[in-house]
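Chains as they are written, first to last, in our numbering: chain R, 1 to 108; chain L, 109 to 233.
Set out below in structure tokens:
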């Protein structure tokens with residue numbers, strides 16, 4: 001299957017740590033990237049190629065992969081981290097991109 | 109500064125056509141694969157199509173194959189999406205995005221490193 005599965009929603013207390021997961025068969029081959037999207041805004045890339053942060057992304061965001069599961073961890077969550085988060089990878093053909101179902105992160 | 113600016117969205121009747129454009133600046137457009145991604149109201153992200161640097165390879169999600177055509181004009185630093193036989197389910201914000209790439213040995217990792225602000229397509233009678 002080319003599907004990428006994410007938990008629909010998670011919550012985290014301000015300053016605490018939250019981990020979001022993304023499960024899919026092709027992650028073990030093509031790794032995963034992560035995007036943050038706030039209401040009414042375009043997505044922005046926060047982690048690429050498993051565990052790399054683009055310039056300007058705070059180091060409280062980190063990524064990892066184990067087998068067919070990718071994870072995005074926010075260590076010391078801030079109020080501004082409240083957003084939808086999507087993973088993405090490639091499908092089994094390698095030619096198509098696929099997105100995860102998305103996880104809504106609420107910072108309490 | 110990398111900028112991607114979409115245009116061309118609007119209200120179209122079912123069965124109609126529309127062409128979206130994306131104007132790129134701040135980088136060497138001809139050196140990158142480019143993608144279109146859409147998001148239906150209240151829904152998640154869906155990759156729609158992408159195109160190689162020289163336009164020689166194009167790929168589409170199954171739901172738009174045969175109806176949508178992605179193209180580019182490197183001389184104009186522009187990306188396009190021609191959409192025909194539009195359906196209500198095509199209603200979405202359409203984003204253009206630049207594809208970055210990282211190579212791990214023989215594995216090519218693709219990601220969307222810059223996105224435009226999107227243009228809204230509404231298909232309704």
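Glycine included, every Cβ here is placed at the ideal spot set by N, Cα and C.
Residue from the options with nearest C-alpha to residue i
{"i": "residue 140(L)", "options": "231(L), 220(L), 226(L)", "result": "220(L)"}
{"i": "residue 116(L)", "options": "174(L), 187(L), 163(L)", "result": "187(L)"}
{"i": "residue 174(L)", "options": "180(L), 162(L), 156(L)", "result": "156(L)"}
{"i": "residue 75(R)", "options": "20(R), 55(R), 87(R)", "result": "20(R)"}
{"i": "residue 99(R)", "options": "163(L), 154(L), 207(L), 150(L)", "result": "154(L)"}
{"i": "residue 229(L)", "options": "183(L), 196(L), 169(L)", "result": "196(L)"}
{"i": "residue 176(L)", "options": "134(L), 184(L), 182(L), 145(L)", "result": "145(L)"}
{"i": "residue 57(R)", "options": "81(R), 12(R), 64(R)", "result": "81(R)"}
{"i": "residue 79(R)", "options": "13(R), 7(R), 6(R), 3(R)", "result": "13(R)"}
Reduced DSSP secondary structure (H/G/I, E/B, other) of residue i
{"i": "residue 13(R)", "result": "coil"}
{"i": "residue 28(R)", "result": "helix"}
{"i": "residue 196(L)", "result": "helix"}
{"i": "residue 80(R)", "result": "helix"}
{"i": "residue 104(R)", "result": "strand"}
{"i": "residue 148(L)", "result": "coil"}
{"i": "residue 18(R)", "result": "strand"}
{"i": "residue 62(R)", "result": "strand"}
{"i": "residue 42(R)", "result": "coil"}
{"i": "residue 49(R)", "result": "coil"}
{"i": "residue 91(R)", "result": "coil"}
{"i": "residue 225(L)", "result": "coil"}
{"i": "residue 121(L)", "result": "coil"}
{"i": "residue 33(R)", "result": "strand"}
{"i": "residue 181(L)", "result": "strand"}
Sheet register partners of residue i (DSSP bridge)
{"i": "residue 169(L)", "result": "According to DSSP, which records beta bridges pairwise, residue 169(L) is partnered with nothing at all."}
{"i": "residue 136(L)", "result": "DSSP, once it has assigned bridges, lists no residue as partnering residue 136(L)."}
{"i": "residue 131(L)", "result": "113(L), 186(L)"}
{"i": "residue 141(L)", "result": "Answer by DSSP bridge pairing: none, since residue 141(L) is not bridged."}
{"i": "residue 206(L)", "result": "142(L), 222(L)"}
Other residues of its chain near residue i: CB distance less than 7 Å, five sequence neighbours each side excluded
{"i": "residue 226(L)", "result": "114, 201, 202, 203"}
{"i": "residue 48(R)", "result": "33, 54"}
{"i": "residue 163(L)", "result": "179, 180"}
{"i": "residue 218(L)", "result": "207, 209"}
Same chain, Cβ closer than 6 Å to residue i, neighbours up to 5 away in sequence not counted
{"i": "residue 166(L)", "result": "159, 178"}
{"i": "residue 84(R)", "result": "37, 102, 104"}
{"i": "residue 121(L)", "result": "233"}
{"i": "residue 132(L)", "result": "112, 185"}
{"i": "residue 109(L)", "result": "134"}
7 Å Cβ cutoff met for residue i and residue j
{"i": "residue 26(R)", "j": "residue 89(R)", "result": "yes"}
{"i": "residue 182(L)", "j": "residue 137(L)", "result": "yes"}
{"i": "residue 46(R)", "j": "residue 77(R)", "result": "no"}
{"i": "residue 30(R)", "j": "residue 43(R)", "result": "no"}
{"i": "residue 51(R)", "j": "residue 40(R)", "result": "no"}
Neighbourhood of residue i by C-beta, 8 Å cutoff - its chain only, sequence neighbours within 5 removed
{"i": "residue 127(L)", "result": "116, 188, 189, 190, 191"}
{"i": "residue 71(R)", "result": "19, 20, 21, 22, 63, 64, 65"}
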